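*Asks:*
Protein chains in written order, with my numbering: chain A, 426 to 760; chain B, 33 to 325.
1. Beta-carbon within less than 8 Å of residue 286 (chain B)'s beta-carbon, same chain only, minus the 5 sequence neighbours each way: which residues are those?
2. On a CA-only basis, which of B:163, B:134 and B:129 is nearest residue 67 (chain B)? Give me that one, please.
3. From residue 317 (chain B) to residue 529 (chain A), what distance separates their C-alpha atoms?
4. Please list the partners that residue 532 (chain A) has in chain B, where partner means a Cβ-to-Cβ separation under 7 Å.
5. Rounding to the nearest angstrom, what Cα-Cα distance links residue 54 (chain B) and residue 497 (chain A) in this structure?
6. What's the gap between the Cα of residue 152 (chain B) and the Cα of residue 278 (chain B)?
7. Given this structure, state the Cα-to-Cα distance separating residue 232 (chain B) from residue 150 (chain B), to the nearest angstrom.
8. Quick one: using the 10 Å Cβ neighbour count with 16 as the cut-off for buried, is residue 98 (chain B) buried or exposed?
9. In angstroms, rounded to a whole number, what distance separates the CA positions of residue 71 (chain B) and residue 136 (chain B)?
10. Cα separation between residue 38 (chain B) and residue 620 (chain A)?
11. My guess is that residue 234 (chain B) and residue 169 (chain B) are in contact by the Cβ rule of under 8 Å, so how many angstroms apart are they, rounded?
12. Under 8 Å Cβ to Cβ from residue 739 (chain A), same chain only, skipping five residues before and after it: list those, please.
13. Measuring CA to CA, which of A:465, A:718, A:723 and A:484 is closest to residue 614 (chain A)?
14. Of all the CB atoms in chain A, is at least one closer than 8 Å to the CB of residue 184 (chain B)?
15. Pick out whichever of A:584, A:557 and A:576 has its Cα sitting closest to the Cα of residue 568 (chain A).
16. How would you list, in chain order, the residues of chain B whose beta-carbon sits under 7 Å from the beta-carbon of residue 520 (chain A)?
17. In terms of alpha-carbon separation, which member of A:656, A:658, A:605 and A:651 lies closest to residue 634 (chain A)?
18. For the putative contact between residue 504 (chain A) and residue 651 (chain A), defined by C-beta atoms under 8 Å, what is the C-beta separation to the nearest angstrom?
19. In chain order, which alpha helix (DSSP H) runs of at least 4 residues are fully inside the region 603 to 667 of chain A?
20. Going along chain B in order, which residues have a C-beta closer than 9 Å to the C-beta of residue 499 (chain A)?
21. Please identify, using Cβ separations under 8 Å, the residues of the region 635 to 665 of chain A that lie next to chain B, in order along the chain.
22. DSSP three-state call for residue 704 (chain A): helix, strand or coil?
23. What beta strand (DSSP E) runs, 3 residues minimum, are completely inside the region 85 to 165 of chain B?
24. Quick one: grab the DSSP three-state call for residue 580 (chain A).
25. Measure from the alpha carbon of residue 82 (chain B) to the alpha carbon of each residue in B:126, B:65, B:133 and B:60, then state which is nearest.
26. Should residue 544 (chain A) be flagged as near chain B, meaning a C-beta pair shorter than 8 Å?
27. Do residue 499 (chain A) and residue 511 (chain A) have their C-beta atoms within less than 8 Å of each other?
28. Helix, strand or coil for residue 528 (chain A) per DSSP?
29. May I have the straight-line CA-CA distance separating residue 142 (chain B) from residue 275 (chain B), to the nearest angstrom?
30. Taking the alpha carbon of residue 737 (chain A) as the point to measure from, which residue in A:686, A:709, A:646 and A:517 has its own alpha carbon closest?
31. Based on DSSP bridge pairs, tell me the residues matched to residue 458 (chain A).
32. What did DSSP end up calling residue 198 (chain B) once you bin it into helix, strand or coil?
33. Would you call the region 573 to 592 of chain A and the region 476 to 496 of chain A touching, i.e. three or more CB-CB distances under 8 Å?
34. Decide if residue 247 (chain B) is buried, meaning its Cβ has at least 16 other Cβ atoms within 10 Å, or exposed.
35. Express the C-alpha separation of residue 221 (chain B) and residue 472 (chain A) in angstroms, rounding to a whole number.
36. Are there 16 or more other CB atoms within 10 angstroms of the CB of residue 703 (chain A), so buried, or fewer, so exposed?
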C-alpha cells in the first residue's frame with residue numbers, strides 16, 4: 426500500500442467500534458459471501474458511523490455484494506450484519522430505516538415515475554394521502570415532477586437514475602445505500618444530488634455510496650473503504666490520496682448531442698491532455714489531469730452551448746491503474 | 033434542494049396501529065396487501081401476460097358463440113341438454129384453459145420479476161416476505177377468478193341459449209340453471225386457487241417452471257386413466273367431485289368414488305394453504321442474484 430495513502434483497517438475499525446453505539450452504526454462482523462465457489466466478499470469487519478462513506482473499488486471488487494448484504498438482498502455465507510442494531514433478516518424493521526438505490530436499471534413494466542414511488546410507498550404501509558405527499562416530495566427532490574406521469578420506460582438514463590434515487594429516499598430512511606448513484610447524471614444533476622447527500626449526512630444520517638470513480642468519492646465522502654477482489658484493503662479518510670489521484674489523469678467517456686463543439690472547447694483547457702472523438706461523432710473520450718476543473722469546465726460548456734448530455738462515465742482502465750498505485754498489487758499484502 | 037428528514041421510524045410512522053392479535057399489526061398488513069394489489073392487479077389484467085390469459089379464457093367463448101349462431105339442429109332437449117354438453121366440455125376447459133392460464137400467471141409472479149430484474153423493489157420494502165407472497169397470490173387469484181368466472185358464465189349461458197331467451201331464463205331462474213352455473217364458477221375459482229398456489233411455489237423453485245408445469249399438466253390430463261389412489265394426488269380429481277352435472281369420462285376411464293363436497297372443498301383449501309405457507313417460507317430465502325439467472 427502507498428505509504429501516504431489512507432489509514433489501514435485494523436486501527437481505524439477498533440477505534441470506531443469503541444466510540445460508536447451499536448444502534449447508531451452499520452456493523453459487519455466477519456462477513457463472507459460466496460456465490461457457489463466464487464468469492465463475493467471475504468472476512469469483512471467494518472463499523473460504519475454516520476456521514477458519507479464511500480465504498481470504492483474497481484468493477485468486481487465486491488462493492489455491490491457488500492451493499493446487497495447490507496440491505497438483505499443477499500444472505501451472508503458467514504458472519505452477521507446489523508444496521509442500526511437491526512439484523513438484515515428483519516425486513517419489517519430494517520426497511521423503515523434503510524433506503525437502497527441499486528445499480529439495476531430495470532423497473533416494473535408499464536409504470537410511470539409517480540406510480541412507482543407512490544405504489545411502493547403503499548406497500549410500505551403508508552395510507553394514500555401520506556404516500557402521495559412523500560412521492561411528490563421525493564420526485565421534487567430529484568427534479569422529476571414534470572416527468573412524473575410519463576412511463577419510466579420512456580425516461581432517459583439520467584431520469585431513470587433519478588427515479589431510482591427517489592424510490593430510495595421517498596420514505597426518508599436514516600441509512601441511504603447508493604450503488605453508483607451518479608452514473609448517467611448530467612453535471613447539474615450530479616451537483617444537485619451530491620448536495621442532497623451532503624445535506625443528509627450533515628443531519629447525522631448514514632449515506633453509503635459505492636463508486637469506481639475515486640474522484641467522485643473524493644468530492645463527497647468523509648471516509649472511504651477501499652475494496653479489491655472481495656477484500657477490504659484499506660479504510661479511513663480520503664485526504665491522503667487526493668494528491669495521488671490528481672497526479673493520475675482520468676479518462677472520461679461522454680455521449681452528447683454536440684460532441685464536436687464540446688471537444689473543441691475542452692481542448693482549450695490546459696488540464697485536458699487528450700480528446701478522441703467516437704466514429705459516430707456523438708461521443709468523445711477525454712483524458713484530464715484535473716478532474717475537479719474538468720467537471721467545472723464541463724458544467725460551463727454544457728450551459729453555454731446548450732448541450733444535451735446522454736452519459737458521462739469514467740473509463741475503468743485508468744481507475745484500476747490508480748488503485749494499483751494506491752494499494753499495491755490488488756491489495757494482496759493486506760489480506 | 034430540500035433535505036428534510038422524517039426522524040420517526042417504525043410502524044407508527046407509516047400510519048400503522050400498535051400490534052394486534054398474535055403480536056402482528058394486522059392493519060399494517062392489510063394496507064400492505066392493498067398496496068401490492070394496486071401494483072399487481074393491473075399488471076395481471078393489462079399487458080402481455082393478460083393477453084394470453086384472455087385468449088385462453090375467451091377463445092372457447094368465441095368458438096361456442098359460433099356454434100350458437102350457426103343454424104344447425106341443436107336437438108330438442110332445451111337448455112338442460114345444452115348444460116349437459118357444457119358439463120362434458122367443462123373438464124377439458126379446466127384442464128386446458130384454466131390450468132395453462134394458472135401456469136402462466138402464477139408462475140410469473142416471482143419468476144417474471146426475477147427475469148425482468150424488478151423483484152428487488154418489493155424486497156426493499158418493510159414487508160414480511162410471507163405477506164408479499166400472499167399479496168401477489170391474491171392479486172393473481174383475483175385477476176384470474178374475475179376472468180374465468182366471466183368466461184365460465186358466458187360459456188354456460190351460450191350453451192343453454194339456442195332454445196330462446198324464454199327457455200334460458202326459465203332454466204336459469206326457475207330451474208337448476210343458476211345453481212349449476214354458480215357451482216361451475218365456484219369450481220373454476222377453486223381450480224385457480226389450487227393450481228395457482230402450486231405454480232407460485234414452482235416459480236420460486238425452478239428457473240424454468242414451464243417444465244414441471246407441463247409434466248404436472250400431463251398428470252392432470254391422464255387423471256381419468258389413473259388408479260383410484262393415484263387419482264387423489266391431483267387437483268382435478270377433487271374438482272371433478274364437485275361437478276353438479278355428472279360426466280362420463282369415456283370407455284377407458286377408471287372409475288373412482290368421488291370425494292364428497294364437504295371433504296373436497298376444505299381439502300383443496302387446506303392443500304392450497306399448505307402450499308402457500310411453503311411459498312412464503314421459500315420467499316424468505318430468496319436472494320437477488322439477477323446475474324445468475
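Backbone N, C-alpha and C fix where the C-beta goes; we use that ideal spot for every residue, glycine too.
All values reported here derive from a predicted model rather than from experimental measurement.
*Replies:* Checking against the coordinates, here is how it stands:
1. Answer for residue 286 (chain B): 256, 257, 258, 259, 260 and 263, listed in chain order.
2. Considering only B:163, B:134 and B:129, the residue with the shortest C-alpha distance to residue 67 (chain B) is B:163.
3. Their Cα atoms are separated by approximately 21 Å.
4. By Cβ distance, chain B contributes 150.
5. About 25 Å.
6. In a straight line, the C-alpha of residue 152 (chain B) is about 48 Å away from that of residue 278 (chain B).
7. Using only the alpha carbons, I get a separation of about 17 Å.
8. Counting Cβ neighbours within 10 Å, residue 98 (chain B) comes out exposed, since fewer than 16 surround it.
9. Approximately 18 Å between the Cα atoms of the pair.
10. Only weak support exists for where residue 38 (chain B) lies, its pLDDT of 43 falling under 50; the value from the coordinates is given anyway. Using only the alpha carbons, I get a separation of about 18 Å.
11. No, residue 234 (chain B) and residue 169 (chain B) are not in contact; Cβ-Cβ is about 13 Å, not under 8 Å.
12. The beta carbon of residue 739 (chain A) sits closer than 8 Å to the beta carbons of 637, 638, 640, 641, 675, 676, 677 and 678 from its chain, once the five residues preceding and following it are set aside; these are given in chain order.
13. Residue 614 (chain A) has its Cα closest to that of A:723, out of A:465, A:718, A:723 and A:484.
14. Interface annotation, residue 184 (chain B): not in contact with chain A, CB-CB separation never under 8 Å.
15. Minimum Cα distance to residue 568 (chain A) is reached at A:584.
16. The contacting residues are 156, 157 and 158.
17. Distances from the CA of residue 634 (chain A) to each of A:656, A:658, A:605 and A:651 were compared; the closest alpha carbon is that of A:605.
18. That pair is no contact at about 20 Å.
19. Those alpha helix (DSSP H) runs which fall completely within the region 603 to 667 of chain A and span 4+ residues are 612 to 627 and 639 to 645.
20. Near residue 499 (chain A) (Cβ distances below 9 Å), the residues of chain B are 319, 320 and 321.
21. Of all residues in the region 635 to 665 of chain A, none has a Cβ within less than 8 Å of some Cβ in chain B.
22. Looking at residue 704 (chain A) - three-state DSSP - the assignment turns out to be coil, as it is neither helix nor strand.
23. The beta strand (DSSP E) runs lying completely inside the region 85 to 165 of chain B and spanning 3 residues or more number zero.
24. Three-state result, residue 580 (chain A): coil.
25. When only C-alpha atoms are compared, the closest one is B:133.
26. Yes, residue 544 (chain A) lies at the interface with chain B (some Cβ there is under 8 Å from its Cβ).
27. Their beta carbons are not under 8 Å apart, which means residue 499 (chain A) does not touch residue 511 (chain A) by this criterion.
28. In this structure, residue 528 (chain A) counts as coil in the three-state DSSP scheme.
29. Between the alpha carbons of residue 142 (chain B) and residue 275 (chain B) lies a gap of roughly 32 Å.
30. Per the Cα distances, A:709.
31. A:466.
32. Secondary structure of residue 198 (chain B) (DSSP, three-state): helix.
33. Flag = no, the region 573 to 592 of chain A and the region 476 to 496 of chain A do not touch.
34. Answer is exposed; the Cβ neighbour count stays below 16.
35. Here the C-alpha atom of residue 472 (chain A) lies approximately 52 Å from the C-alpha atom of residue 221 (chain B).
36. Exposed: under 16 other Cβ atoms inside 10 Å.
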